[in-house]
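Down below is the structure, laid out as structure tokens.
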Ligand code: BES
Ligand code: MN
Ligand code: MN
């Protein structure tokens, strides 16, 4: 392990330069105009896997964007780790709010990142994080210090719902067979409070369309007599929360896991400063479900949010129009043990029941995913805990993340494999936002932590077998 650490220290500058090159490729999975860049990013990822010493590296085409795969089998008796990550990124808009162009990375110091942070789309989510694994593997392979078999799978459709990954996993069960899945695509509490993610929220994402008259109308000639679908949509969506900010969709809370007082107390022991939280977001007050703290509102409670709403005239100046249609995109974050399909149906039924006679509504499900809760008494959790403790000098706290990684539940089902969510980002790294960044401290600390995980995991599995 000493050799590995030495190798990592000696190559820090090159690792950073290589990551910066990857960040220059605009691999935006949502926008078909970037299909070639996504393909280029897949090839670049494959090249790095080969250079790290992985074998059988391939860029597997799918009906969408390709999946990159590579492996290194060192010992049939050693446990096998499947590393998962994603090389695709979110669209960078609104562009005008970026201080540097999103695909021209810049390293700058910030208050939270006094050693510097890389500003670019994908720096934290997830290029900077999956690349830590590639470099850690390179170091272990180069120093003959890889104690586990490793399979690496980096996909290009995570930000658009991992549409083709499930099929790939089902078709390649044997190839992907593993003892544990290792993922760095989440956050730690802060750089001096390391944490491991033990919960992710699920997701049900829908679009609604409200139609009034069969064409746009003059808002003077018809206004007041014919239902305006935008007005109606606003009424409908406003009624989706009650005064206590609970979601009113019938049956929404039926399956929600209730945590014991003790569990809630433990969750709230994580450091959280409401004042800084508000200041960082530029808000004077917070808002959420009555009776729950901010940590609970994002970690253990389900939510409903509008992600976009449109209709009618939104151009320059005024146009007097009573539009025919209004639309909204609505996401619900789910917690254990809510089922996204069931919630979709409940939402659809509820939303249709809200519509007055004067309009028709259409509800379309766009994508979804199951929530996950990860136990803290497994071998893999203990190994990750020890690895982080070794690197940070502090035992990591278990933390429930508010975001979603739908494939974690899929790995559980299809590959019968449990995941370790050992991410190194900060919630304040502005993923999906302008000026996304990733701390150099976090990047290097992650690369340092990963080899410890392999070491402890191999040793702990071996001693369990013996
Ligand atoms: N890496 C994020 C998820 C995440 C971020 C989890 C921070 C926990 C902490 C992932 O890339 C993501 O953005 N997922 C999407 C879901 C997907 C179906 C588009 C999300 O959470 O919105
Ligand atoms: Mn991600
Ligand atoms: Mn993301």
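In the working numbering, the protein residues as written are 37 to 502.
Idealized CB from N, CA, C, for every residue including glycine.
Since the model is a prediction, treat every value here as computed from it, not as a measurement.
On the premise that residue j lies in contact with residue i, defined as a C-beta separation below 8 Å, what is that separation, rounded to the nearest angstrom?
{"i": "residue 192", "j": "residue 46", "result": "About 32 Å separates the two Cβ atoms, so there is no contact after all."}
{"i": "residue 118", "j": "residue 205", "result": "Actually they do not touch by this definition, with Cβ atoms about 10 Å apart."}
{"i": "residue 407", "j": "residue 237", "result": "5 Å"}
{"i": "residue 421", "j": "residue 411", "result": "Their Cβ separation, rounded to whole angstroms, is 12 Å, which puts residue 421 and residue 411 out of contact at 8 Å."}
{"i": "residue 111", "j": "residue 185", "result": "7 Å"}
{"i": "residue 403", "j": "residue 126", "result": "Wrong, their Cβ atoms sit about 14 Å apart, outside the cutoff."}
{"i": "residue 419", "j": "residue 493", "result": "4 Å"}
{"i": "residue 295", "j": "residue 336", "result": "6 Å"}
For residue i, which residues of its own chain have a beta-carbon under 7 Å away from its beta-carbon, when the five flanking residues on both sides are left out?
{"i": "residue 523", "result": "No information on residue 523 is available, as it lies outside the stretch 37 to 502 that the chain covers here."}
{"i": "residue 177", "result": "88, 89 and 108"}
{"i": "residue 486", "result": "168, 169 and 172"}
{"i": "residue 287", "result": "382"}
DSSP three-state call for residue i: helix, strand or coil?
{"i": "residue 420", "result": "helix"}
{"i": "residue 390", "result": "helix"}
{"i": "residue 169", "result": "helix"}
{"i": "residue 325", "result": "coil"}
{"i": "residue 480", "result": "helix"}
{"i": "residue 312", "result": "helix"}
{"i": "residue 406", "result": "coil"}
{"i": "residue 284", "result": "coil"}
{"i": "residue 94", "result": "strand"}
{"i": "residue 487", "result": "helix"}
{"i": "residue 164", "result": "helix"}
{"i": "residue 294", "result": "coil"}
{"i": "residue 81", "result": "helix"}
{"i": "residue 68", "result": "helix"}
{"i": "residue 300", "result": "helix"}
Using C-beta distances below 6 Å, list every residue in its chain close to residue i, excluding the 5 sequence neighbours before and after it, in chain order.
{"i": "residue 345", "result": "364"}
{"i": "residue 367", "result": "241, 341 and 343"}
{"i": "residue 120", "result": "189, 217 and 219"}
{"i": "residue 222", "result": "233, 437, 457 and 459"}
{"i": "residue 390", "result": "272"}
{"i": "residue 426", "result": "488"}
{"i": "residue 94", "result": "105"}
Ignore the nearest five residues each way along the sequence and tell me which others in residue i's own chain have a CB closer than 8 Å to its CB.
{"i": "residue 320", "result": "314"}
{"i": "residue 182", "result": "108, 110, 173, 176 and 490"}
{"i": "residue 451", "result": "118, 205, 209, 212, 213, 214 and 217"}
{"i": "residue 306", "result": "225, 229, 231, 331, 433 and 435"}
{"i": "residue 349", "result": "355, 357 and 359"}
Handout entry: Under 6 Å, CB to nearest heavy atom of ligand 2: contacting residues
Key = 122, 161, 162, 194 and 221
Handout entry: Ordered list of beta strand (DSSP E) runs contained in the segment 186-272, each at least 3 residues
Key = 216-219, 231-236 and 238-247
Exercise for the section: Taking only runs that begin and end inside the segment 104-157, name each unbroken alpha helix (DSSP H) of 4 or more residues, in chain order. Expected result: Fully enclosed alpha helix (DSSP H) runs of 4 or longer: not present.
Practice task
Run through the segment 39-66 for me and flag every whole alpha helix (DSSP H) of 4 or more residues, listed as ranges in chain order.
Solution key: 48-59
Handout entry: Every unbroken beta strand (DSSP E) inside the segment 331-390 [3 residues or more]
Key = 339-347 and 361-370
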